[in-house]
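Let me begin by presenting the structure, written as structure tokens, before commenting on it.
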Amino acid sequence: MIKSLAHIGLRTQNIVAARHFYQSLGFTCQRQLDIQEPRGTIAVAFLQQQGIVLELYQLPWQTDARAAQDSGVDHLAWQVEDLLATEEWVKSLGYPLIEGPCDHPAGSRYFMIAGPDGERVEFLQPLNH
């Protein structure tokens, strides 16, 4: 039986850049490890914030970049208390908005930025109607 979400695994082409990006958003590195494989070493980092755990990993062999239109995880979404303040903070970090801010029919206002590997990162605030 499922109890909770354990972590979100994100494959990256550059684990140092990915770790820096998510740490700039307030995540802290909880654990790093190297996994030895016949084709090389897989670098892994677990980052955490407010009970959300990201597993970043970089494969030592070349992989094809996933096209945005392919199936799979489309974006990560973080709920915030003050979207306007979050937008100002994200912009102060040098991350341009790639979508929004705008209202979503599901009852929230949101915007998105791009992560270092092209993943879309959403920040949303529920609307109180």
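Mapping to the working numbering: the sequence shown position 35 is 1046, numbers consecutive. Every residue, glycine too, gets a C-beta built ideally from N, C-alpha and C.
Reduced DSSP category for residue i - H, G, I as helix; E, B as strand; rest coil
i, result
"TYR1106", "coil"
"PHE1122", "strand"
"LEU1065", "strand"
Limits of the beta strand (DSSP E) - the one that residue i falls within
i, result
"PHE1134", "1131-1137"
"GLN1060", "1051-1060"
Residues that residue i bridges to, as DSSP identifies them
i, result
"TRP1100", "TRP1100 pairs with nothing; no bridge assigned."
"TRP1072", "Looking at the DSSP assignment, TRP1072 forms no beta bridge with any residue, so it has no partner."
"GLN1009", "Because the chain in this structure spans residues 1012 to 1140, residue 1009 falls outside the shown range and cannot be described."
Closest residue to residue i among the options (Cα-Cα distance)
i, options, result
"CYS1040", "SER1015, ALA1096, HIS1031, ALA1117", "HIS1031"
"GLY1051", "GLN1069, ASP1085, LEU1135", "GLN1069"
"ILE1053", "TYR1033, GLN1060, VAL1027", "VAL1027"
"GLN1104", "PRO1112, LEU1036, SER1015", "Before going further, note that residue 1104 is Leu rather than Gln in the sequence given. Looking at the Cα atoms, LEU1036 is the closest of the given residues."
Delimiting residues of the alpha helix (DSSP H) encompassing residue i
i, result
"ALA1088", "Where ALA1088 is concerned, there is no enclosing alpha helix (DSSP H), although the beta strand (DSSP E) it sits in stretches over 1086-1090."
"PHE1032", "1026-1035"
Close-in-space but distant-in-sequence residues of the same chain around residue i (CB under 6 Å, 5 per side omitted)
i, result
"GLN1073", "none"
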